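In the working numbering, the protein residues as written are 4 to 126.
Ideal Cβ placement from N, Cα and C applies to all residues, glycine included.
Please read these numbers as outputs of a predicted model, since none were measured by experiment.
Here the structure comes first, spelled out in structure tokens, and everything after it is commentary.
Right under this line is the structure:
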């Protein structure tokens, strides 16, 4: 007798990108935030914009975490930093040594392009 599969009530989030950034300019503030949120399953659009703006200057991970007001390092890394690195919007300053105590993170040209699409009144 074949068994029927029951869909998972609580699908898990992988934190991976769900799609590529659309080239078109989004007109309303709310729709743009929702667009950014679709890019990341865990990070909100406002947090993405905060990190991208703050990291225009290379910053330590702990500085970015403190700027966001997050206390739990693992949450910060899993929900925000790793997806931003995977998207190519943020990069390591020492890519060959990801665990270096001197490691900093900065917004890439791709990340700056995202900010330029972002409505100026929400920056």
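C-beta atoms of residue i and residue j nearer than 8 Å
i, j, result
"residue 70", "residue 79", "no"
"residue 97", "residue 103", "yes"
Close-in-space but distant-in-sequence residues of the same chain around residue i (CB under 7 Å, 5 per side omitted)
i, result
"residue 62", "107, 108"
"residue 73", "79"
Boundaries of the alpha helix (DSSP H) in which residue i is found, first to last residue
i, result
"residue 55", "48-57"
"residue 71", "64-71"
Residues of its chain near residue i, where Cβ-Cβ distance is below 8 Å and the 5 sequence neighbours each way are ignored
i, result
"residue 95", "88, 101, 106, 107, 108"
"residue 93", "54, 55, 58, 84, 87, 108, 109, 110, 111, 114"
With 16 other Cβ atoms within 10 Å as the buried cut-off, status of residue i
i, result
"residue 49", "exposed"
To test your reading of the DSSP string, which unbroken alpha helix (DSSP H) runs of 4 or more residues are found completely within the segment 75-124? 76-79, 85-90, 112-120
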